[in-house]
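Colleague: Chains A and B, in that order, are what the protein sequence lines are. Be aware that the first sequence starts at 1, since it is given in UniProt numbering, and climbs by one per residue. Be aware that the second sequence starts at 1, since it is given in UniProt numbering, and climbs by one per residue.
There are 2 protein chains.
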Amino acid sequence: MASLGHVTPQSLHFAEPLALQSGAALSDYTLVYETYGTLNADRSNAVLVCHALNASHHVAGTHAGLERSEGWWDNMIGPGKPLDTNRFFVIGVNNPGSCFGSTGPMHLNATTGRPYGADFPVVTVEDWVNAQARLLDRLGIERLAAVMGGSLGGMQALSWTLQYPQRMGHALVIASAPNLSAQNIAFNEVARRAIITDPDFHGGDFYAHGVVPKRGLRVARMIGHITYLSDDSMEEKFGRALRSAELAYSTQEIEFQIESYLRYQGDKFSEYFDANTYLLITRALDYFDPARAHGGDLAAALARAQAKFLVVSFTTDWRFSPQRSRELVKALVDNRRTVSYAEIDAPHGHDAFLLEDPRYHAAVRAYLEHVAQEVHA
Amino acid sequence: MASLGHVTPQSLHFAEPLALQSGAALSDYTLVYETYGTLNADRSNAVLVCHALNASHHVAGTHAGLERSEGWWDNMIGPGKPLDTNRFFVIGVNNPGSCFGSTGPMHLNATTGRPYGADFPVVTVEDWVNAQARLLDRLGIERLAAVMGGSLGGMQALSWTLQYPQRMGHALVIASAPNLSAQNIAFNEVARRAIITDPDFHGGDFYAHGVVPKRGLRVARMIGHITYLSDDSMEEKFGRALRSAELAYSTQEIEFQIESYLRYQGDKFSEYFDANTYLLITRALDYFDPARAHGGDLAAALARAQAKFLVVSFTTDWRFSPQRSRELVKALVDNRRTVSYAEIDAPHGHDAFLLEDPRYHAAVRAYLEHVAQEVHA
Numbered sequence: 001m002a003s004l005g006h007v008t009p010q011s012l013h014f015a016e017p018l019a020l021q022s023g024a025a026l027s028d029y030t031l032v033y034e035t036y037g038t039l040n041a042d043r044s045n046a047v048l049v050c051h052a053l054n055a056s057h058h059v060a061g062t063h064a065g066l067e068r069s070e071g072w073w074d075n076m077i078g079p080g081k082p083l084d085t086n087r088f089f090v091i092g093v094n095n096p097g098s099c100f101g102s103t104g105p106m107h108l109n110a111t112t113g114r115p116y117g118a119d120f121p122v123v124t125v126e127d128w129v130n131a132q133a134r135l136l137d138r139l140g141i142e143r144l145a146a147v148m149g150g151s152l153g154g155m156q157a158l159s160w161t162l163q164y165p166q167r168m169g170h171a172l173v174i175a176s177a178p179n180l181s182a183q184n185i186a187f188n189e190v191a192r193r194a195i196i197t198d199p200d201f202h203g204g205d206f207y208a209h210g211v212v213p214k215r216g217l218r219v220a221r222m223i224g225h226i227t228y229l230s231d232d233s234m235e236e237k238f239g240r241a242l243r244s245a246e247l248a249y250s251t252q253e254i255e256f257q258i259e260s261y262l263r264y265q266g267d268k269f270s271e272y273f274d275a276n277t278y279l280l281i282t283r284a285l286d287y288f289d290p291a292r293a294h295g296g297d298l299a300a301a302l303a304r305a306q307a308k309f310l311v312v313s314f315t316t317d318w319r320f321s322p323q324r325s326r327e328l329v330k331a332l333v334d335n336r337r338t339v340s341y342a343e344i345d346a347p348h349g350h351d352a353f354l355l356e357d358p359r360y361h362a363a364v365r366a367y368l369e370h371v372a373q374e375v376h377a
Numbered sequence: 001m002a003s004l005g006h007v008t009p010q011s012l013h014f015a016e017p018l019a020l021q022s023g024a025a026l027s028d029y030t031l032v033y034e035t036y037g038t039l040n041a042d043r044s045n046a047v048l049v050c051h052a053l054n055a056s057h058h059v060a061g062t063h064a065g066l067e068r069s070e071g072w073w074d075n076m077i078g079p080g081k082p083l084d085t086n087r088f089f090v091i092g093v094n095n096p097g098s099c100f101g102s103t104g105p106m107h108l109n110a111t112t113g114r115p116y117g118a119d120f121p122v123v124t125v126e127d128w129v130n131a132q133a134r135l136l137d138r139l140g141i142e143r144l145a146a147v148m149g150g151s152l153g154g155m156q157a158l159s160w161t162l163q164y165p166q167r168m169g170h171a172l173v174i175a176s177a178p179n180l181s182a183q184n185i186a187f188n189e190v191a192r193r194a195i196i197t198d199p200d201f202h203g204g205d206f207y208a209h210g211v212v213p214k215r216g217l218r219v220a221r222m223i224g225h226i227t228y229l230s231d232d233s234m235e236e237k238f239g240r241a242l243r244s245a246e247l248a249y250s251t252q253e254i255e256f257q258i259e260s261y262l263r264y265q266g267d268k269f270s271e272y273f274d275a276n277t278y279l280l281i282t283r284a285l286d287y288f289d290p291a292r293a294h295g296g297d298l299a300a301a302l303a304r305a306q307a308k309f310l311v312v313s314f315t316t317d318w319r320f321s322p323q324r325s326r327e328l329v330k331a332l333v334d335n336r337r338t339v340s341y342a343e344i345d346a347p348h349g350h351d352a353f354l355l356e357d358p359r360y361h362a363a364v365r366a367y368l369e370h371v372a373q374e375v376h377a
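1. For N95(A), is the classification buried or exposed, using 16 other Cβ atoms within 10 angstroms of its Cβ as the cut-off for buried?
2. Taking only beta carbons into account, state which residues of the stretch 167-186 of chain A come closer than 7 Å to chain B, listed in chain order.
3. Would you list the one or two residues that DSSP bridges to E236(B)?
4. In chain A, what lies closer than 7 Å to I77(B) by C-beta?
5. Nearest by alpha-carbon distance to residue 379(A): which of T8(A), W318(A), G101(A) and G140(A) is it?
6. Beta-carbon of R87(A) versus every beta-carbon of chain B: anything under 9 Å?
7. So which of F309(B), D84(B) and G204(B) has the shortest CA-CA distance to D119(B)?
8. Helix, strand or coil, according to DSSP, for T30(B) in the structure here?
9. Excluding sequence positions up to five away, which residues of its chain have a Cβ less than 7 Å from the Cβ of T38(B)?
10. Would you give the residue range spanned by the beta strand (DSSP E) that M106(B) belongs to?
11. With a 10 Å radius around its C-beta and 16 neighbouring C-beta atoms as the bar for buried, classify H209(A) as buried or exposed.
12. Taking 9 Å as the CB-CB cut-off, is L279(B) touching chain A?
13. Could you list the residues in the stretch 15-44 of chain B with a C-beta less than 9 Å from some C-beta on chain A, going in chain order?
14. Just the chain A side, please: which residues come within less than 8 Å of D286(B) by C-beta, in chain order?
15. Measure how close the beta-carbons of A305(A) and L162(A) come, nearest whole angstrom, since I'm counting them as under 8 Å.
16. Here's the rule: buried if 16 or more other CB atoms are within 10 angstroms of the residue's CB, otherwise exposed. What is S270(B)?
17. With a CB to CB cut of under 6 Å and the five nearest residues on each side skipped, what residues in its chain are close to F100(A)?
18. Is DSSP giving Y36(A) helix, strand or coil here?
19. Can you tell me which residues form a DSSP beta bridge with T62(A)?
20. Helix, strand or coil for P165(B), going by three-state DSSP, please let me know.
21. Spatial neighbours of A301(A) within its chain, please: CB distance less than 6 Å, with the 5 preceding and 5 following residues excluded, ordered by chain position.
22. Are the C-beta of P252(A) and some C-beta of chain B separated by less than 9 Å?
23. Can you tell me which of the three DSSP states A245(B) falls into?
24. Quick check on DSSP: helix, strand or coil for L302(B)?
25. Return the chain-ordered list of same chain residues with a C-beta closer than 6 Å to the C-beta of T103(A), the five sequence neighbours on each side being excluded.
26. Tell me the DSSP secondary structure of P121(B) in three-state form.
27. What distance in whole Å lies between the Cβ atoms of T197(A) and R215(B), which are believed to be in contact at a cut-off of 8 Å?
28. Please specify which runs of the alpha helix (DSSP H), each continuous and at least 4 residues long, are wholly inside the stretch 161-215 of chain B, giving them in chain order.
29. Just checking: is the beta-carbon of G154(A) within a distance shorter than 9 Å of some beta-carbon in chain B?
30. Under 9 Å between the Cβ atoms of A342(A) and L310(A)?
31. A194(B) versus chain A: which residues are under 7 Å apart at the beta carbon?
32. Between residue 394(B) and chain A, is any beta-carbon pair separated by less than 9 Å?
33. For the alpha helix (DSSP H) containing K330(B), list its first residue and its last residue.
34. Taking just the CA atoms, how far does I254(A) sit from Q10(B)?
35. Using beta carbons (cut-off 9 Å, strictly below), is W72(A) in contact with chain B?
36. Could you check what DSSP says for G296(A) in three-state terms: helix, strand or coil?
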């Protein structure tokens with residue numbers, strides 16, 4: 001399938017403060033975004049794609065002069081792809097608090113003249129959705145054909161249906177959940193403790209010390225990776241394969257290929273990801289819980305939603321298991337919402353939402369085909 | 001049920017070096033052990049109980065003058081309990097490399113006059129079994145009625161059937177596996193990296209620096225705890241319960257009860273567990289793989305076994321899932337061994353093997369009743 005080719009990030013500055021769920025405000029911030037395809041005459045064919053923990057506005061296409069710079073959902077989005085840029089105007093936006101361009105903890109806090117660090121205000125899924133809605137205002141898009149996301153991105157798509165029910169037609173909620181389980185929060189908390197207790201974290205002020213809490217970031221990423229893969233796919237990919245023919249009988253050297261893989265992933269991540277961003281984004285995951293204000297009643301929480309839904313889960317995803325997607329589907333059906341649900345039998349665990357499974361892509365393609373006809377895209 | 005009451009640890013010194021699987025040797029070591037009940041006249045009623053990661057020779061009863069000093073399997077072992085000390089002579093032994101009394105990395109290395117630290121030789125399940133066999137030699141016990149253990153202790157029971165097939169009648173292998181999966185190794189590796197990269201680890205030589213790598217130990221224990229509990233039991237026990245009525249909107253403060261629980265467990269563990277021991281024991285777990293020498297053919301590996309088996313698994317144990325126990329059962333049946341298998345529908349995950357589930361205890365009780373009749377105990 002053809003790729004979008006080179007794409008160019010854009011940015012917009014927002015001078016009006018963004019009031020946050022915590023009661024704080026983010027003053028004077030910038031959002032980085034990319035768009036693909038062409039907005040149609042009645043401005044009805046826009047699809048917003050929301051990103052998860054380790055991703056950005058760079059959803060599809062490549063950046064000129066950079067090898068292997070495909071966007072994180074390049075297999076899903078482009079000309080002739082399931083989200084077809086020949087028909088839709090696709091918007092990817094980097095959320096505030098991230099480390100990929102939009103205002104985040106490594107940027108200067110105008111009030112203090114120093115990087116925000118740990119003082120960057122805690123942002124929630126709801127805050128991100130509000131920031132995204134403001135971006136759409138500036139782009140002159142009143143109503144989205146669809147909002148789409150996987151994992152934490154799916155939570156944003158879901159939150160859109162509650163915060164701006166009139167501004168969207170469809171929500172595609174993929175490999176996601178209506179909130180984190182205790183086990184999900186537990187994994188996030190271990191990762192955060194690894195970062196916060198790294199002496200190089202300096203209470204979040206490590207920029208001033210010229211260091212990076214790499215040890216903590218490595219451990220956080222290794223934990224994350226374990227939860228992204230299924231037990232089975234890890235077994236198939238690595239099993240008990242040894243790095244050398246003979247055992248070294250060492251507690252510190254690498255013996256098993258899985259160790260080598262995890263250390264590599266951890267090292268790579270610690271080179272580019274911001275520690276404060278990791279804390280902020282895992283916290284946003286923890287906090288998301290639309291049912292909370294309704295005493296835990298998800299159906300009551302979703303009563304506001306007007307969108308039609310595609311919900312997709314993957315059988316081997318133990319981070320956001322199909323059971324969690326079924327909770328969402330049930331609460332939507334209880335509200336007589338129109339819901340399509342696909343439970344994809346895929347071996348890859350949570351990572352499956354980023355991979356090119358033919359049944360998965362066919363389900364998304366068919367759904368978006370239907371959306372395209374609605375908006376005459 | 002009555003407890004054993006006060007029990008007293010004993011110790012034996014071994015002057016002859018223990019040859020290890022790695023090719024190294026452990027010279028001049030001490031084993032700490034406890035015994036309960038009475039060895040019968042023909043010395044046929046001895047049951048060896050093997051410990052797992054965070055446990056010791058102190059299997060049952062209490063230590064005088066210490067509150068809450070019940071042994072780790074006190075609900076299983078004692079007068080009238082499933083492993084009935086009125087009938088059996090029960091032996092608990094602390095494995096070398098541990099931090100609970102037997103020679104370990106915090107003890108003086110006679111060769112250097114300094115603590116072993118990271119120089120403590122890597123020990124394997126097979127090495128521990130050899131050390132246990134030597135202890136039995138010294139206690140004048142030629143043949144065990146049974147060897148019993150859960151988790152890593154179950155691996156030792158299994159290894160006994162291969163290393164000393166003539167010296168035992170029965171093996172009780174509970175919540176265990178014939179080897180670790182890639183995911184199991186991955187969790188161990190993250191825990192080890194957290195410890196090793198803690199600046200207070202000092203390459204394992206932290207004793208000399210008067211510090212303890214507590215940050216790493218905390219993270220290691222938090223990861224461990226997540227894998228001991230089932231997703232469901234964590235959900236039931238903690239769910240998304242908050243510590244305070246209002247959210248603090250903080251990445252560092254505790255918001256959820258599960259965070260509080262994990263931090264507490266991590267803190268407590270870091271106060272008493274030795275970091276080098278953690279590395280050694282997780283490595284012993286990684287290495288255990290009797291099928292390895294047989295090209296991965298577990299049935300071929302188990303051809304040496306003569307014991308009869310009770311294998312027990314727990315439905316919600318995702319660390320050592322029932323599937324892993326069934327692999328073991330199948331390989332034993334392929335060898336026409338006598339195997340009883342109980343798959344207990346319990347909600348508590350891997351921890352279930354330490355808890356008092358009536359069906360679980362009934363299965364162990366019935367099996368050991370049968371063993372007692374065989375040895376006229």
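From the three backbone atoms N, C-alpha and C, an ideal C-beta is built for every residue, glycine too. Quick caveat: nothing in here was measured; it's all calculated off a predicted structure.
Modeller: According to the structure shown:
1. N95(A) should be labelled buried.
2. For the stretch 167-186 of chain A, which is checked against every Cβ of chain B, the residues closer than 7 Å are N179, S181, A182, Q183, I185 and A186.
3. Partner(s): none; E236(B) has no beta bridge.
4. None at all; the shortest Cβ gap to chain A is about 31 Å.
5. Any answer about residue 379(A) is impossible in this case: the structure gives chain A only from 1 up to 377.
6. It does not: the Cβ of R87(A) has no partner Cβ on chain B nearer than 9 Å.
7. D119(B) has its Cα closest to that of G204(B), out of F309(B), D84(B) and G204(B).
8. DSSP places T30(B) in strand when its eight states are reduced to three.
9. Only F89 meet the Cβ criterion.
10. If you look at M106(B), you'll find it isn't in any beta strand (DSSP E); DSSP assigns it neither H nor E.
11. Classification for H209(A): exposed.
12. It does; some Cβ of chain A falls within 9 Å.
13. Residues passing the 9 Å Cβ filter: L20, Q21, S22, G23 and A24.
14. Ordered by position in chain A, the residues that pass the 8 Å Cβ test against D286(B) are E255 and F256.
15. Here A305(A) really is in contact with L162(A); their C-beta atoms are around 6 Å apart, less than 8 Å.
16. Buried is the call here.
17. Within the same chain, S56 and N94 come within 6 Å of F100(A) by CB-CB distance, once the 5 residues on both sides are set aside.
18. In the displayed model, Y36(A) falls within a strand according to three-state DSSP.
19. According to DSSP, residue pairing for T62(A) in a beta bridge involves H6(A).
20. Here P165(B) carries a helix assignment [DSSP, helix/strand/coil].
21. When the five nearest sequence neighbours on each side are left out, the beta carbons in the same chain lying within less than 6 Å of the beta carbon of A301(A) are those of P290, A291 and H294, in order along the chain.
22. It is Gln, not Pro, that sits at residue 252(A) in the sequence shown. Chain B, which has a Cβ nearer than 9 Å to the Cβ of Q252(A), makes this yes.
23. Three-state DSSP puts A245(B) in coil, outside helix and strand.
24. Under the three-state reduction of DSSP output, L302(B) falls in the helix class.
25. Answer for T103(A): Y29, T30 and P96, listed in chain order.
26. Judged by DSSP in its simplified three-state form, P121(B) adopts coil rather than helix or strand.
27. Rounded to the nearest angstrom, the Cβ distance from R215(B) to T197(A) is 4 Å, consistent with a contact under 8 Å.
28. Within the stretch 161-215 of chain B, the runs of alpha helix (DSSP H) at least 4 residues long that lie entirely inside it are, in chain order, 182-196 and 206-209.
29. Using beta-carbon distances, G154(A) does not count as an interface residue toward chain B, since no partner is under 9 Å.
30. Yes, Cβ-Cβ distance for A342(A) and L310(A) is below 9 Å.
31. Scanning chain A for C-beta atoms nearer than 7 Å to the C-beta of A194(B) yields A194 and V219, reported in chain order.
32. Not covered by the structure: residue 394(B). The range shown for chain B is 1 to 377.
33. Looking at the DSSP string, the run of the alpha helix (DSSP H) that includes K330(B) is P322 to D334.
34. Straight-line Cα distance between these residues: approximately 37 Å.
35. No, W72(A) does not count as interfacial toward chain B.
36. Residue state, collapsed to three classes: coil.
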